[in-house]
Amino acid sequence: MQYETVIGLEVHAGLSTNSKIFCGCSTKFGASPNSQTCPVCLGLPGVLPVLNEAAVEDAIKVALALNCQVSPYSKFDRKNYYYPDLPKNYQISQNYLPVAFKGYLDVPLEKGTKRVGIDNIHLEEDAGKNIHGGGADAGESLVDLNRAGIPLIEIVTQPDMRSLEEVEKFMISLRDILLYLGVCDCCMEEGSLRFEANISLRLEGESRLGNRVEMKNLNSFKMVSKALQHEMRRQGEVLKEGGHIKAETRLWDEEKEVTSTMRSKEEAHDYRYFPEPDLSPLIIKDNWIDRVRKAMPELPRERKLRFSREYKIPEYDAQVLIADKYLADFYEDTVKLFPEAKMVSNWVMGELLRGLKERNINIEECLLPATHFANMLNMIKKGAISGRIAKDVFAEMLDTGKEAEEIVKEKGWSQMSDEDEVSRIADEIIEKNPQSVRDFQGGKEKALGFFIGQVMKVTRGKANPQLVNKLLKEKLGKLK
Amino acid sequence: MLNELTAHEIHDLIVAKKISVFEVTEAILERIEAVGEKVNAYLSVMGEEALREAKKIDAAIAGGREVAPLTGIPIAIKDNMCLRGAATTCSSKILDNFRPPYDATVVDKLRQERAVFIGKTNMDEFAMGSSTENSRSGITHNPWDLSTVPGGSSGGSAAAVAAGETIMALGSDTGGSIRQPASFCGVVGMKPTYGLVSRYGLVAFASSLDQIGPLTKDVTDAAYLMNALCGHDRKDSTSVNREVPDYPQALVNDVKGLKIGIPREYFGEGIDREVRETVERTIRLLSKLGAKIKETSLPHTEYAVATYYLIATAEASSNLARYDGVQYGYRVGKQESLSGNSTIDMYEQTRAEGFGDEVKRRIMLGTYGLSAGYYEAYYLRAQKVRTLIKQDFDRAFEEFDCLLTPTAPTAAFKIGEKMDDPLQMYLSDIFTISVNLAGIPALAIPGGFTGGGLPIGLQLIAKPFAEETLFRIAYTYEQNTDYHKRKCNL
Chain L
1 MQYETVIGLE
11 VHAGLSTNSK
21 IFCGCSTKFG
31 ASPNSQTCPV
41 CLGLPGVLPV
51 LNEAAVEDAI
61 KVALALNCQV
71 SPYSKFDRKN
81 YYYPDLPKNY
91 QISQNYLPVA
101 FKGYLDVPLE
111 KGTKRVGIDN
121 IHLEEDAGKN
131 IHGGGADAGE
141 SLVDLNRAGI
151 PLIEIVTQPD
161 MRSLEEVEKF
171 MISLRDILLY
181 LGVCDCCMEE
191 GSLRFEANIS
201 LRLEGESRLG
211 NRVEMKNLNS
221 FKMVSKALQH
231 EMRRQGEVLK
241 EGGHIKAETR
251 LWDEEKEVTS
261 TMRSKEEAHD
271 YRYFPEPDLS
281 PLIIKDNWID
291 RVRKAMPELP
301 RERKLRFSRE
311 YKIPEYDAQV
321 LIADKYLADF
331 YEDTVKLFPE
341 AKMVSNWVMG
351 ELLRGLKERN
361 INIEECLLPA
371 THFANMLNMI
381 KKGAISGRIA
391 KDVFAEMLDT
401 GKEAEEIVKE
411 KGWSQMSDED
421 EVSRIADEII
431 EKNPQSVRDF
441 QGGKEKALGF
451 FIGQVMKVTR
461 GKANPQLVNK
471 LLKEKLGKLK
Chain U
481 MLNELTAHEI
491 HDLIVAKKIS
501 VFEVTEAILE
511 RIEAVGEKVN
521 AYLSVMGEEA
531 LREAKKIDAA
541 IAGGREVAPL
551 TGIPIAIKDN
561 MCLRGAATTC
571 SSKILDNFRP
581 PYDATVVDKL
591 RQERAVFIGK
601 TNMDEFAMGS
611 STENSRSGIT
621 HNPWDLSTVP
631 GGSSGGSAAA
641 VAAGETIMAL
651 GSDTGGSIRQ
661 PASFCGVVGM
671 KPTYGLVSRY
681 GLVAFASSLD
691 QIGPLTKDVT
701 DAAYLMNALC
711 GHDRKDSTSV
721 NREVPDYPQA
731 LVNDVKGLKI
741 GIPREYFGEG
751 IDREVRETVE
761 RTIRLLSKLG
771 AKIKETSLPH
781 TEYAVATYYL
791 IATAEASSNL
801 ARYDGVQYGY
811 RVGKQESLSG
821 NSTIDMYEQT
831 RAEGFGDEVK
841 RRIMLGTYGL
851 SAGYYEAYYL
861 RAQKVRTLIK
871 QDFDRAFEEF
881 DCLLTPTAPT
891 AAFKIGEKMD
901 DPLQMYLSDI
911 FTISVNLAGI
921 PALAIPGGFT
931 GGGLPIGLQL
941 IAKPFAEETL
951 FRIAYTYEQN
961 TDYHKRKCNL
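Line by line, the protein sequences give chains L and U.
In terms of our numbering, the first sequence opens at residue 1 and continues consecutively.
In terms of our numbering, the second sequence opens at residue 481 and continues consecutively.
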């Protein structure tokens with residue numbers, strides 16, 4: 001029996017608007033607690049929300065980028081629940097008529113692409129933050145409401161993903177769209193991009209969905225992957241033993257690397273949604289959508305076309321490069337300094353991606369700046385290091401973030417391009433290997449390779465290969 | 481007695497430099513001193529600030545500053561409107577010591593006119609009630625008969641105007657909370673079209689129904705106060721952006737040709753004989769003055785109270801969720817930690833002790849109506865009936881300029897009479913509730929007295945933004961009667 005995994009995501013993206021969604025307070029991260037608040041976001045008695053149009057505009061941008069229909073008429077609703085970081089004890093969200101719906105995102109995979117459906121996009125306000133044990137008393141909790149009222153969009157996908165790869169690539173593609181649009185800084189540590197995953201298993205070929213588990217507390221791409229992997233295994237084991245998956249919400253414990261029950265379906269909140277009477281319906285006219293559409297920045301799709309056109313690299317290269325915005329940025333930054341576009345893409349797709357994978361890091365976590373990378377490529381081009389040595393140098397650069405030149409100097413890896421020195425070594429080797437000289441003279445071209453290998457061995461790879469080749473051919477030729 | 485004058489009379493005297501704002505303010509404060517304890521209209525009186533402000537205004541006037549219609553006029557504010565730095569409790573323990581750091585938009589507008597704030601008036605807790613008996617600060621008494629209620633929830637404001645403890649007052653009306661007390665206290669009260677007056681700074685009861693409005697001694701004062709209150713407010717998304725008419729211009733003594741409808745559903749069971757006779761007398765008078773009066777029907781009237789108590793309580797259950805002891809107001813268990821169950825304990829105990837019975841009853845009703853499985857049957861159904869009620873009025877206003885009804889089925893009832901029977905209490909708003917559901921304007925004016933000397937109110941209802949029609953008819957009525965001139969004997 002084979003199980004199929006069915007995954008859907010709920011993505012919360014904090015919008016980078018200057019002010020909050022329903023008041024004029026700043027959204028800047030890191031200010032001292034409760035300094036960015038006013039009667040409205042504090043939820044004092046008698047205050048009323050006023051919708052920030054910039055947040056609506058950002059939602060329209062995302063909707064267009066995700067091929068959604070923008071609702072000409074949408075509404076806000078109240079989601080009622082009690083929590084100290086929620087000053088009104090209800091969150092203004094959109095439940096019944098969201099701002100956009102029915103879209104999709106084509107996600108490039110290792111092989112082919114995957115179309116992931118978007119169920120809806122809705123606007124809402126963020127809550128504040130409880131800080132436990134931060135008060136004068138150990139048992140006291142403090143509340144910081146700076147984040148309360150920061151605009152969020154929630155993007156809800158269809159349960160279309162079937163593998164970890166699809167989820168991982170979807171998250172990167174979506175993040176990139178948000179970054180390209182400039183609507184979200186996607187800084188997961190600061191909580192501006194948050195994921196919740198719904199996962200269920202079903203027998204291959206079964207059309208009904210299994211009971212789904214909702215997973216929370218996934219604060220990085222890696223946590224999403226690890227938690228899903230864990231949950232796939234857990235659910236698979238339960239089912240194989242003839243067990244039954246409970247529909248519930250589970251929390252990912254990053255330290256223990258397990259998920260555990262947060263609340264069962266029966267304990268789920270009744271949010272008592274109802275239309276927010278303090279806000280009028282949100283009317284979005286076609287001319288507003290058109291205006292936003294015209295002002296849309298370059299998206300991954302368009303960047304890919306531009307890469308093939310501008311840098312004359314194969315479409316395949318462009319596809320690999322744009323699959324991650326930060327990788328594409330790194331590529332472009334490098335090409336600006338070292339304009340041999342194809343050589344750069346070879347290195348990025350080869351050594352760089354391999355190096356990142358081996359180290360299990362993302363390009364944005366990588367220590368290597370594009371300037372250092374470009375300088376290294378320049379050294380290869382000028383013959384200061386050989387292509388082979390360059391690979392070792394590059395690995396060092398990834399680990400240390402140092403300049404290639406510094407590494408080469410430290411390790412004594414600079415290429416031997418001194419003709420006299422190489423010539424002397426070549427002569428020595430020819431003298432020591434008369435049999436191979438005879439082989440060469442007998443027409444065995446392979447023997448040349450032997451001599452080159454020997455020179456490289458003696459010089460520990462530092463000899464300029466072109467120079468070695470040239471000198472050996474001259475010398476052996478003369479001996480004929 | 482200065483405190484017995486209307487705002488427009490005082491304005492004329494100030495402009496003519498015959499009296500000072502200080503003298504007017506002093507007269508009001510003296511009156512409060514004299515009868516305040518008997519009526520208990522105020523929760524707090526801002527005597528010192530009022531006198532200080534009065535002096536400043538006098539100085540400004542002496543310095544040539546223009547005297548706006550409300551400049552120097554004493555005004556009382558219902559305690560559910562925020563006045564910066566002043567206790568704003570909604571007559572609830574749960575808002576103990578809450579002092580808002582901001583002004584409600586209406587307060588701000590009155591400040592700009594340089595009206596003089598006298599104090600905050602008593603009300604039913606969170607505006608839930610029809611008698612001002614649901615107040616943690618005691619019952620307000622009707623100045624016409626201290627053993628009766630002043631109506632509610634704006635009973636403190638209506639009683640203060642009737643007793644001469646202020647010249648005018650602000651109330652709020654969610655289901656009749658301005659008009660019913662106006663009727664019981666023999667004063668003028670208007671519920672404006674929804675969206676005409678900003679709700680910013682009005683502590684919400686039911687957001688889609690609440691509206692602030694004037695309580696005054698006559699129609700002219702109401703028109704001037706409306707001029708000051710109305711206007712688009714960017715801080716309230718439900719505030720309409722349209723030009724505000726100059727309401728006093730509508731004060732014309734002429735109703736010739738105006739078509740007035742009498743909805744038959746407002747004269748059924750439960751209406752007091754004297755109230756019915758008052759309306760009949762009014763019909764005869766207005767007919768004589770040239771109005772065309774005809775019976776009409778608002779067929780869904782019987783569902784209004786039920787509809788109202790589903791929608792208003794649903795919104796209230798959410799609006800009042802913020803009173804949890806975390807940020808401000810009353811809190812049980814200040815010493816307890818905020819983790820684990822103790823947070824829930826704090827919520828539960830704070831709300832159990834902080835809210836009164838009627839508020840709890842409505843929170844429970846509203847929570848129930850919004851719960852999974854009931855939402856469609858109650859809240860959504862009620863919204864549909866609300867649309868039907870609105871359509872009744874739309875149809876009526878195709879034929880009529882205005883509808884005439886009693887404001888309440890009876891005159892003021894005895895204190896304690898309905899406290900043990902919430903349903904009877906709810907029914908005292910039976911004639912006023914539909915207007916809030918439909919979002920349309922209505923004006924309550926004094927229309928006569930019972931044999932026992934209690935005021936009886938008339939209600940005029942018009943289509944959205946037709947406040948001028950209401951003022952015109954009410955003014956004409958006032959010019960031809962003298963009920964509004966009678967003073968209570970305290």
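Glycine included, each C-beta is placed from N, C-alpha and C at the ideal position.
These numbers come from a predicted model, not from an experiment.
For this session: Verify the CB distance criterion: does E795/U have a CB-CB separation below 8 Å to chain L?
Result: If you number the second sequence from 1, residue 795/U lands on position 315. Closer than 8 Å to some Cβ of chain L, the Cβ of E795/U qualifies, so yes.
For this session: Would you mind stating whether A595/U and R579/U have Cβ atoms separated by less than 8 Å?
Result: As a first step, residue 595/U must be located in the second sequence, where it is residue number 115. As a first step, residue 579/U must be located in the second sequence, where it is residue number 99. The answer is no: Cβ separation not under 8 Å.
Exercise. Relative to the alpha-carbon of G979/U, which residue among R761/U, Y680/U, Q691/U has its alpha-carbon at the smallest distance?
Worked result: Look at the range of chain U in this structure, 481 to 970, and you will see that residue 979/U is not part of it.
Exercise. Once you ignore the five residues that flank K898/U on each side, which residues in its own chain have a CB closer than 6 Å to its CB?
Worked result: On the second sequence, position 418 is the one that residue 898/U refers to. These residues qualify, in order along the chain: Q904, M905.
For this session: Check whether the Cβ atoms of N469/L and S386/L lie closer than 8 Å to each other.
Result: The residue given as residue 469/L occupies position 469 in the first sequence. The residue given as residue 386/L occupies position 386 in the first sequence. Not closer than 8 Å, so no.
Exercise. What does a CB cutoff of less than 6 Å around G644/U pick up in its chain, not counting 5 residues either side in sequence?
Worked result: Here residue 644/U corresponds to residue number 164 of the second sequence, with the count starting at 1. For G644/U, where only same-chain residues beyond five positions count, the Cβ hits under 6 Å are N483, E484, R511.
For this session: Measure the C-alpha to C-alpha separation of Y858/U and G919/U and round it to an integer number of angstroms.
Result: Start at 1 with the first residue of the second sequence, and residue 858/U comes out as number 378. Start at 1 with the first residue of the second sequence, and residue 919/U comes out as number 439. Those two C-alpha atoms are separated by around 20 Å.
Exercise. So, is N969/U buried or exposed, given that buried needs 16 or more other C-beta atoms within 10 angstroms?
Worked result: In the second sequence, residue 969/U corresponds to position 489, counting from 1. Label assigned to N969/U: exposed.
Exercise. Is it buried or exposed for M161/L, if we count other Cβ within 10 angstroms and need 16 for buried?
Worked result: As a working note, residue 161/L is residue 161 in the first sequence. Answer is buried; the Cβ neighbour count reaches 16.
Exercise. Any idea what DSSP makes of F101/L, helix, strand or coil?
Worked result: The sequence position of residue 101/L within the first sequence is 101, counting from 1. F101/L falls in the strand class under three-state DSSP.
For this session: Compare the Cα-Cα distances from Q69/L to each of I121/L, L282/L, E165/L and report the closest residue.
Result: Working through the first sequence from its first residue, we reach residue 69/L at position 69. Ranking I121/L, L282/L, E165/L by Cα distance to Q69/L puts I121/L first.
Exercise. Which of helix, strand or coil does DSSP assign to Y522/U?
Worked result: By 1-based counting over the second sequence, the position of residue 522/U is 42. DSSP places Y522/U in strand when its eight states are reduced to three.
Exercise. Got a sec: which bits of the region 80–92 of chain L sit with their beta carbon under 7 Å from any beta carbon on chain U, in order along the chain?
Worked result: N80, Y82, P84, P87, K88, N89, Y90
Exercise. Taking the alpha-carbon positions, what's the I499/U to L590/U distance?
Worked result: Stepping through the second sequence from its first residue, residue 499/U is reached at position 19. Stepping through the second sequence from its first residue, residue 590/U is reached at position 110. Rounded to whole angstroms, I499/U to L590/U spans 21 Å at the Cα level.
Problem set entry | Cβ pair N130/L, D176/L closer than 8 Å | On the first sequence, residue 130/L is found 130 positions in, with the first residue counted as 1. On the first sequence, residue 176/L is found 176 positions in, with the first residue counted as 1. Not closer than 8 Å, so no.
Exercise. Is R753/U buried or exposed, if buried means 16 or more other CB atoms sit within 10 Å of its CB?
Worked result: Indexing the second sequence from 1 puts residue 753/U at position 273. Label assigned to R753/U: exposed.
Exercise. Do you know how far the Cα of L48/L is from the Cα of A794/U?
Worked result: Sequence index remark: in the second sequence, residue 794/U carries index 314 (1-based). Sequence index remark: in the first sequence, residue 48/L carries index 48 (1-based). Their Cα atoms are separated by approximately 18 Å.
For this session: Let me know the secondary structure DSSP gives S819/U once reduced to three states.
Result: Looking up residue 819/U in the second sequence gives position 339. Any reading at S819/U must be qualified, since the residue scores a pLDDT of 45, below 50, and its modelled position is unreliable; the value itself is stated next. Three-state result, S819/U: coil.
For this session: Drop a sphere of 10 angstroms on the beta-carbon of K416/L, count the other beta-carbons inside from all chains shown, and report buried for 16 or more, exposed for fewer.
Result: One-based indexing of the first sequence puts residue 416/L at position 416. A quick correction: the sequence has Met, not Lys, at residue 416/L. Buried, by the Cβ-count rule.
For this session: Quick one: measure Cβ to Cβ for K265/L and A247/L, integer angstroms, because I've assumed they're closer than 8 Å.
Result: Taking the first residue of the first sequence as 1, we reach residue 265/L at position 265. Taking the first residue of the first sequence as 1, we reach residue 247/L at position 247. The Cβ separation is near 4 Å, so the contact holds.
Problem set entry | Continuous alpha helix (DSSP H) assignments of at least 4 residues falling wholly in the region 439–474 of chain L | 446–458
For this session: Measure from the C-beta of G632/U to each C-beta in chain L and report whether the shortest distance is under 8 Å.
Result: For the purposes of this step, residue 632/U is taken as residue 152 along the second sequence, with counting starting at 1. Not one chain L Cβ lies under 8 Å of G632/U.
Problem set entry | Within-8 Å CB hit, K840/U to chain L | Residue 840/U sits at position 360 when you count from the first residue of the second sequence. Cβ-Cβ to chain L under 8 Å: no for K840/U.
Exercise. What residues from the region 250–283 of chain L come within 7 Å of chain U, judged by C-beta to C-beta, listed N to C?
Worked result: D270, R272, F274, P277, D278, L279, S280
Exercise. Just how far apart, CA to CA, sit T459/L and M379/L?
Worked result: Within the first sequence, residue 459/L is the residue found at index 459, counting from 1. Within the first sequence, residue 379/L is the residue found at index 379, counting from 1. So the alpha carbons of these two residues sit roughly 19 Å apart.
Exercise. Which residues mark the beginning and the end of the beta strand (DSSP E) in which P926/U is found?
Worked result: Numbered from 1 along the second sequence, position 446 holds the residue referred to as residue 926/U. Unbroken beta strand (DSSP E) run through P926/U: 922–929.
Exercise. If we cut at 8 Å on Cβ distances, does L575/U have a partner in chain L?
Worked result: By 1-based counting over the second sequence, the position of residue 575/U is 95. It does: the Cβ of L575/U has a partner Cβ on chain L nearer than 8 Å.
Problem set entry | Length-filtered (3 minimum) beta strand (DSSP E) runs lying within the region 70–146 of chain L | 77–80, 90–93, 100–108, 113–125, 129–132, 141–144
For this session: Scan the region 843–874 of chain U for residues whose Cβ lies nearer than 8 Å to a Cβ of chain L and list them as they occur along the chain.
Result: T847, L850, S851, A852, Y855, Y859
Exercise. In chain order, which continuous runs of the alpha helix (DSSP H) of length 4 or greater are located wholly inside the region 402–436 of chain L?
Worked result: 404–411, 419–432
Exercise. Assuming I574/U and G846/U make a contact with CB atoms under 8 Å, what is their CB distance in whole Å?
Worked result: The residue labelled residue 574/U in the question sits at position 94 within the second sequence. The residue labelled residue 846/U in the question sits at position 366 within the second sequence. About 16 Å; that fails the 8 Å criterion.
For this session: Output, in sequence order along the chain, the residues in the region 922–941 of chain U whose CB is closer than 7 Å to any CB in chain L.
Result: none
Exercise. If you draw a straight line from the C-alpha of G681/U to the C-alpha of L509/U, how long is it?
Worked result: As a first step, residue 681/U is located in the second sequence; it is residue number 201 there, counting from the start. As a first step, residue 509/U is located in the second sequence; it is residue number 29 there, counting from the start. In a straight line, the C-alpha of G681/U is about 26 Å away from that of L509/U.
For this session: Assign G449/L to one of two classes, buried (16 or more other C-beta atoms within 10 Å of its C-beta) or exposed (fewer than that).
Result: Looking up residue 449/L in the first sequence gives position 449. It counts as exposed.
Exercise. Just to confirm, are A972/U and G651/U a CB contact at a threshold of 8 Å?
Worked result: Residue 972/U is absent from the model: chain U starts at 481 and stops at 970.
For this session: Would you mind sorting P72/L into buried or exposed? The rule is 16 or more other CB atoms within 10 Å of its CB.
Result: Translated into the one-based positions of the first sequence, residue 72/L becomes position 72. With fewer than 16 Cβ atoms within 10 Å of its Cβ, P72/L is classed as exposed.
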